Every structure is written in structure tokens, then in C-alpha cells.
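Trainee: Residue numbers (full-length UniProt numbering): 1 to 906.
Written out as C-alpha cells, the structure is:
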């Protein structure tokens, strides 16, 4: 026997084997429809008895395995059901001959057989025969199940007669020696009269009768016979059959303890109704096992004496002893090279029992033993089956990673070099089944939160194998999806060199099949979700929320809220991104993902240097209608893969979206001035968003005109225009108006059409108080007369410095610079028009004005002259004109003094 049945379990020892095969030409789908109906009759209650007969069906069974039927009777084919088609009476003889030829294959072991004929009608079909059933069509056979039950009952009659014949054999010492195929040549020439030989014959027959009792539903009798066989066979060192007797004892005990079966959900069987309700709880360690089966009393050849029955119940092994006896049996099988299949199947049965007992570590020892059992030269298909079953068994005991390992080995076996036509589809399917064992899923959302689970190196190897298998299957879209997944989820574990190699491979694949955001559905129904590149580039929150709406103009609303967007205007969203790759990253077609109002995204292209650090990126678009819009994320195209990246999926972003109100269309002004723009920043007191700034330098008392040109660069008419000003710093005393204007002329040109402009003249006049600054008195003592106590101006009551030497050096320059004062103000234009004006919205446009003011005159000398009265004196001041223009100095009760540029007079 060279081909193991990996699906066997301990309870299969109580089943009888029936082979169901097609004869002649039978459509495959129709055959399996009938086979499924036949296989549904897996358990039959025998008439006039409380016993159950269990049937195991196979549609393919090797005749060489049938030769081991004496060793273990559940391996013997005792029933044959043939399914055939016959269109006319002329074909019937040939059909019948084929059926008899099929019976001859298993003829030595068959108890009974049946032929199901479909399609034949007429005289032949009307004949009443027990071994043949005629049906007009495959869908017109209502009594198939009933005929199978009758067939099973006929098998039971033969089985019961054989059991009775062997159990009551009175042939004395002349008991036939049962053999396995490879033993027959070894027993040629043996002394058949020796006591050792006779004990061997008795022990093997006892074991065989135990098998028949187990199949016939007589569990307690089977236990007794197995125990007797163990004692006899151990005495003659018949290790192969001793192992079989021990395995039979284990199987009977498993059936007793676990009436629901050990094959899992697929092979679960209904417990006999005669079993007590707590039968499933009998595997308590150390519990004394006692069972009286009402179905195994005198009607079945067992004494009705309950004390005898209790004694037989004690023959059942405890759950712990079952495993020990399995170990013994397997060690005995291991002594025989030709019993590898029996040894392997025994390991599988023990593992299924241990799985129910939740003893995973011991089960793994049996499986480890099964791995090293040599079955000779196996075909590639048999190797694949072996590794797949090992994987399933490891999964059964909870060894997920070990299960995945053998599943992957099976996948690699599908494409072994020795296979003429490698099965890449089967390989790919098996590789997908290994993913859970390696803590790997194909959904990138499972990797977006929390720490990484599993061994990244193994996961990357598996993903590379999926990519390669996809390519060999001729499915480049799958290769792109798996490579994208590897790059997105394993980026932290990939070396710089591997990053370059993976991205080059990805670009090669996407040149033939671009990657997208569609869900890929595999033939077996598995769906592969899209993989957006949220890490290429990585979006980081930075110091503030990474996404906030901006407007080209400062937009103020009646509600007081800011940063609302305007219909038809170009609006912006700013992201902070960085490139984690060790090479330049090109990001193409990067734009906004929005929902709500109609929005036209204007994609951008980026080129981020290697490991760039935080880099601001502004994404723009135009809302085409008014209402609410939600910025959900952004889309990119990197390495040929198009990605839709949602904010809710970004680990560094806390917000799931940004809601912005889009107001109706408003006009748009562009401001230019007659003076150049200034780079000076207004004082910190100014918090307004300034559209532009200008800077002037004036002498105290000087007036200059500033011309502001306003151009309508929008699409709506400007219907209203207001202008206000606000001083930013007011610590210096000032006389008169700093800024003055007249909007009457500009207002007469409203409404201002798109493309038109209007000029507004603003007068800038500075008149500050420079008195009281001691630095203005460069020469304070002339003829020794101190003016400290004079009531010229209260700020002069300080210790006056001595006259400074006139010099054109750096210090004099510093002194001149310190005389400058600054004035700052903001001109605010408030305007509106179009649909936005109807709903009360308007725009504001602000111009910052910065003026540096220098004093026009300096007092360079102070002296006194006596007056006519002793109580009075004349104060003489030398006045210096520091400007390049003519200056008129006025004083009370005196005439005006005219000073030319750089002139000094007293």
C-alpha cells in the first residue's frame, strides 16, 4: 500500500467500505450528483436491532489497498455501486458485461453489489432485479436512497454471518494465518505445527474478529477481542499485528469516548440514541469508564448479565491511555519499512484525537514524526497532498505559523522543476491560504494602526512569491497590487537597495498595466482591496492641522467665520509632506478628493528630493457651485499607481475630513499702488491679512499723495466699495489726519465691470511732535549760561550733555538715524457684488502703509540776551533746515522765518 488516506480518523475503523464508480460513459456532473445522494446514506439502523452500521464511500480506490483488508477490515471493499447509462436494449449486454468486469476487480472481498442504470426503458427495465435498478433519467430516481439502505442491510447480513463464523470457529488448532501482502513470501516453509505459529494465528484471528465486531456495531465485544489479541501477539513478538491490535483498541475507545467523531465538522456523525446524554463528557482525565449499551445485549450475542457488561466496559482505555497506546502502535509500525502508510495514517488519527483533547504540544510531536515517515518515491501530486494535509492538521491544533509553513511548501511543490506543466494557479491559491498563519492580510487598513504584527522578513518573502506567481499566471494587475501592498505596508522594513529594486519592478509592471483603485476579484471570489500610497509621500500634521482651507483673498462672512471658499475662485489646501525614499520621488497628478458641491481639481506635479523632510504642498481647485464641500483627501500617481488617499486613513492626521462652505460668486479686486511694494512687516499689533504693503519716507510736516488703482479681475460686477483706515501704532502725539481720501469719484464709476479699474487718491500727511528730545539740542552751553532751570519745555529738565564735536563720522550718522519716527496704518477696502452680495457676503482687501518720519529742523544753538526789564530776557535759537527744500518756520507773535535747504539762521 503506497498511497495513504489522509482523511482517515479513528471512527473509520467501525465503517464498511463501499466503492461507487461510473461504468462506461457517464457525465461527470451527473455522476457526482448521484454520488452525493448515495453518500448521504452514511448511517443505517439495522432492522430488529439497535445497532448502527456506518458506511464510508469512495469513488476511487486502489485495488492494492484492498489487499490490506485482512490486516484492518475497514480497508476492505465490501460493497460496489456502479452507475451507468444505457440508451437502448442493444447496449444492455455490453453494459452488463462491464459491470461484471468491474466486480471482478474487488471480487475477492465484495459482500454485495448494485448497478444503477439510467436512460434504459422497455422490457428489460421492467424486470424486477435486486442487483440492478433502472431509472429513465438522472433526475427521475426518487428512491435511490431507499435502494442504498436496502443494499447496506444486505451487507450487514453478510458481515454478521462472517463475524459469527469467525467468533465461533471450532476448527481447533487449524486456524488460517492472516497475512499482509509483503509477509506472504516470509512465511513460506515455516513450521505450521509449532506453538509459536499457532499463537500467531490465534492472535491475528482475535484481532480480525475484533475488527468485525467493531464494524457490526458491537463495541464491547470488540474491546474484549482486541485485549485478548494484544496479549497473544505480544507473547510471540508479532509486532506489526500487535500494533494493529493496539490501534483497534484505541479506535474502539475513541468511539466510546467521543461519539460525535474526531473528523471535525465535515465528518461529524450523529451519536447513537442509546448513548447517555453525558457521553461527550467522558474524556475527564482519570475517570473510571463504565458503559452499559442497551443495543449490545442478548439480542446481539452478549450476555444480559449487567455485571459482565460492566466488566467489559472496563476494557475501554482512558483518554490518556489512548494516546499512549497510539504511541506504542506507531513505534511497532515503524519497525517495518512496508508499513509506512499504516504508520502515517495512525499518526493522523492520533492528532485528530489530541485536537479534541486540546493537547496541542503532544499532537505536534505526532505530526513531527509523520513528517519524517518515508513512503518511498512519491509523485509530485502526492507530495502536494501530503504537505497540504500536514498544514490542515497543524491548523487543527492551533499551530498557525507551522500550518502556513507546510502550506507554502505545498505551493512550491506545485511548481517544482520536475513538473512539465507547473501549476501556478494552484501555487497562487495555496500561497493566499498561508497569509493568516503569517499574520498577513491583503487589506492595507490592517497595517495603518498600531504596531506591526508578524515577522516582516517572512511576510516580504511571501509577498514576493505572490508577485512572481501572479506574473507567471499572466495576471500583471495582481502583480502590481501585491507589489504596491509590499511597498505600502513594509516600507519601514525594506532596505534602501530593496526600495530601489521594488520600485523599478513596480514601474516595469505598471508600464504594461497601470495600478488603480479598483477592487480585484479572484476566480474563487476573494476580493483584493485597493492599496493607496499614503506613505509615498508621507503626509504629516506638523505644528498645525495639515489640511486647512485658504482663499486667495481674505474672505470675511457675516457670521464672523473665516476661510470660506467662493464659487468660481481658485481655492487652496495645504499639506505638509516628506519623501521617505532614498531617491528623488516624482508625484504626478496630485489633486484634491472632495464630496459635496461640484469641484474642479487642478492637479499638480511634485519632485521631492531624497528623504526631503517636511515640505509644504499646496493643492488647488475651483468649486463650480455654492453649498457645502468636504475635503476628504487627495489623489496621486506614483510609480504608475493611481492612489486615492483619504484623510481618515492617514496615521499622522487626526481629522477625517474638512468641511468648507462655498459661498455664491463674488467680484475680485487686484490692488496696485503708485509706490513700490514694501517688504517691511507691520508691527505685531497688526493682525490683519494684508494684500499689499507700501513704505514711504517723509519729513515732518510733509504731504505726499498715494494713488491706489483697483482692477476688477473677477467675473462679477463690483456694486459697492467702502474704504476705512486704522492706525496701528499711536504712541506718538500726532496733529491732523494721517490719511485722507475722497471716494466720490470712484463711487461714481460703480458698478465696475470685469476688466475695468478705478483709481483712488489717498493723501499721506505727517505732523508729529519732536519737541522735548535732548538729542535735538546739539549745542547746549555757549557762554556758560545753563538753561537747566528755564521753563522752555518740561521735558528739558534733564542733565544736558556738553556740545558734541561736529563730525561726519559713523556716530553722527547714528545720532541722525535715532531722530526717525515711524507711523503705520492699514487701509481696508470692503467691496461686494454679484450673487454673493444678495446673500450678504463681501470681500476685504487691505493695504499696509508704513511711513518713516524725520524732523524738518534742528535747534543747533541756544543763548540769551538781556531785555529791558530785569525780570525778562530774550532767548535766541539757531535753527537749521535739514531738508533739501525751503522751510517756513512760524512762531507766535513773530514773523515767519524762511530757511533755504541746509541753511541755519538765528
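Every residue gets a Cβ at the ideal spot worked out from N, C-alpha and C, and that includes glycine. Bear in mind the structure is a predicted one, so any value in this text is a computation, not a measurement.
Here's the rule: buried if 16 or more other CB atoms are within 10 angstroms of the residue's CB, otherwise exposed. What is residue 658?
Mentor: Classification of residue 658: buried, given that the 10 Å Cβ count is 16 or more.
Trainee: Take every Cβ of the region 193 to 205, pair it with every Cβ of the region 234 to 245, and state whether three or more of those distances are shorter than 8 Å.
Mentor: Enough Cβ pairs lie closer than 8 Å, so yes.
Trainee: Indicate whether residue 631 and residue 660 have their beta-carbon atoms separated by less than 9 Å.
Mentor: Yes, these two residues count as a Cβ contact at 9 Å.
Trainee: Applying the criterion that 16 or more other CB atoms from any shown protein chain within 10 Å of the CB defines a buried residue, is residue 48 buried or exposed?
Mentor: Exposed, since its Cβ has fewer than 16 Cβ neighbours within 10 Å.
Trainee: Could you give the distance in angstroms between the alpha-carbon of residue 411 and the alpha-carbon of residue 92?
Mentor: Taking the straight line from one Cα to the other gives about 46 Å.
Trainee: What is the C-beta distance between residue 691 and residue 847, in whole angstroms, given that I count them as a contact (C-beta under 8 Å)?
Mentor: Between residue 847 and residue 691 the Cβ distance is about 7 Å, and since that is below 8 Å, they are a contact.
Trainee: Going by the DSSP bridge assignment, what does residue 852 pair with across the sheet?
Mentor: Note: residue 852 sits in a beta bridge opposite 697 and 822.
Trainee: Using CA atoms only, rank isn't needed, just tell me which of 158, 163, 116 and 636 is closest to residue 146.
Mentor: The candidate whose alpha carbon is nearest that of residue 146 is 116.
Trainee: Whose C-beta lies closer than 7 Å to the C-beta of residue 69 among residues of the same chain, with five residues either side of it excluded?
Mentor: Taken in chain order, the residues that qualify are 75, 76 and 109.
Trainee: Measuring alpha carbon to alpha carbon, tell me which residue in 226, 321, 211 and 209 is nearest residue 257.
Mentor: Comparing Cα positions, the closest option is 321.
Trainee: Does residue 949 come out as helix, strand or coil in the three-state DSSP assignment?
Mentor: For residue 949 there is no data in the structure shown, the boundaries of the chain being 1 and 906.
Trainee: Should residue 445 and residue 491 be called a contact, given that it needs their Cβ atoms to be closer than 9 Å?
Mentor: The answer is no: Cβ separation not under 9 Å.
Trainee: Rounded to the nearest angstrom, what separates residue 181 and residue 158 at their Cα positions?
Mentor: Between residue 181 and residue 158, the C-alpha separation is close to 24 Å.
Trainee: Which same chain residues end up closer than 7 Å to residue 885 when comparing Cβ atoms and leaving out the 5 residues on each side of it in sequence?
Mentor: Excluding residues within five positions, the ones whose Cβ falls inside 7 Å are 901.
Trainee: Among the candidates 215, 514 and 210, whose CA atom is the shortest distance from the CA of residue 226?
Mentor: The residue with the shortest Cα to Cα distance from residue 226 is 210.
Trainee: On the criterion of 16 or more Cβ atoms from any shown chain inside 10 Å, does residue 323 qualify as buried, or is it exposed?
Mentor: Buried.
Trainee: Sorted by chain position, which residues of the same chain lie with C-beta nearer than 7 Å to residue 537's C-beta, five sequence neighbours on each side aside?
Mentor: Closer than 7 Å at the Cβ level, and outside the excluded window around residue 537, lie 577, 578, 579, 585, 587 and 608.
Trainee: Hey, how far is the Cα of residue 668 from the Cα of residue 820?
Mentor: Their backbone Cα atoms lie some 38 Å apart in a straight line.
Trainee: Determine whether the Cβ of residue 163 lies closer than 9 Å to any Cβ atom of chain B.
Mentor: Considering every chain present, this structure includes no chain B. It has just one protein chain.
Trainee: Sort 403, 255 and 648 by Cα distance to residue 54 and report the nearest one.
Mentor: Comparing Cα-Cα distances from residue 54 to each of 403, 255 and 648, the minimum goes to 255.
Trainee: Please check the pair residue 152 and residue 23, which I expect to be a contact at CB under 8 Å, by giving their CB distance rounded to whole angstroms.
Mentor: That pair is no contact at about 20 Å.
Trainee: Of the residues 833, 873 and 696, which one's Cα is nearest the Cα of residue 823?
Mentor: Ranking 833, 873 and 696 by Cα distance to residue 823 puts 696 first.
Trainee: Is residue 573 near residue 600, with beta carbons less than 9 Å apart?
Mentor: Not closer than 9 Å, so no.
Trainee: Are residue 144 and residue 38 closer than 9 Å when you measure CB to CB?
Mentor: The answer is yes: Cβ separation under 9 Å.
Trainee: Given this structure, state the Cα-to-Cα distance separating residue 581 from residue 516, to the nearest angstrom.
Mentor: Residue 581 and residue 516: Cα-Cα distance of roughly 21 Å.
Trainee: Write down every uninterrupted run of the alpha helix (DSSP H) in the region 467 to 518 whose length is 4 residues or greater and which is fully enclosed by it, in chain order.
Mentor: Counting only runs of 4 or more, we get 476 to 489 and 496 to 512.
Trainee: Mark residue 217 as exposed unless 16 or more other C-beta atoms lie within 10 angstroms of its C-beta, in which case mark it buried.
Mentor: Looking at its Cβ environment, which holds 16 or more other Cβ atoms inside 10 Å, residue 217 is buried.
Trainee: Buried or exposed, going by whether 16 or more other CB atoms sit within 10 Å of the CB of residue 243?
Mentor: The residue in question, residue 243, is buried, as its Cβ has 16 or more Cβ neighbours within 10 Å.
Trainee: Check whether the Cβ atoms of residue 758 and residue 724 lie closer than 9 Å to each other.
Mentor: Their beta carbons are not under 9 Å apart, which means residue 758 does not touch residue 724 by this criterion.
Trainee: Can you give me the start and stop residues for the beta strand (DSSP E) that residue 741 sits inside?
Mentor: That run of the beta strand (DSSP E) goes 739 to 741.
Trainee: What separation, rounded to the nearest whole angstrom, lies between the Cα atoms of residue 377 and residue 198?
Mentor: Using only the alpha carbons, I get a separation of about 37 Å.
Trainee: In three-state DSSP terms, what is residue 359?
Mentor: If DSSP states are grouped into helix, strand and coil, residue 359 belongs with coil.
Trainee: With a CB to CB cut of under 7 Å and the five nearest residues on each side skipped, what residues in its chain are close to residue 33?
Mentor: Around residue 33: 138.
Trainee: Should residue 14 go down as buried or exposed, given a rule of 16 or more other Cβ atoms within 10 Å for buried?
Mentor: Under this definition residue 14 is a buried residue.
Trainee: From residue 833 to residue 715, what distance separates their C-alpha atoms?
Mentor: Whole-angstrom Cα-Cα distance: 10 Å.
Trainee: Do residue 342 and residue 369 come within 9 Å of each other at the CB atom, strictly closer than that value?
Mentor: For residue 369 and residue 342, no; Cβs fall outside 9 Å.
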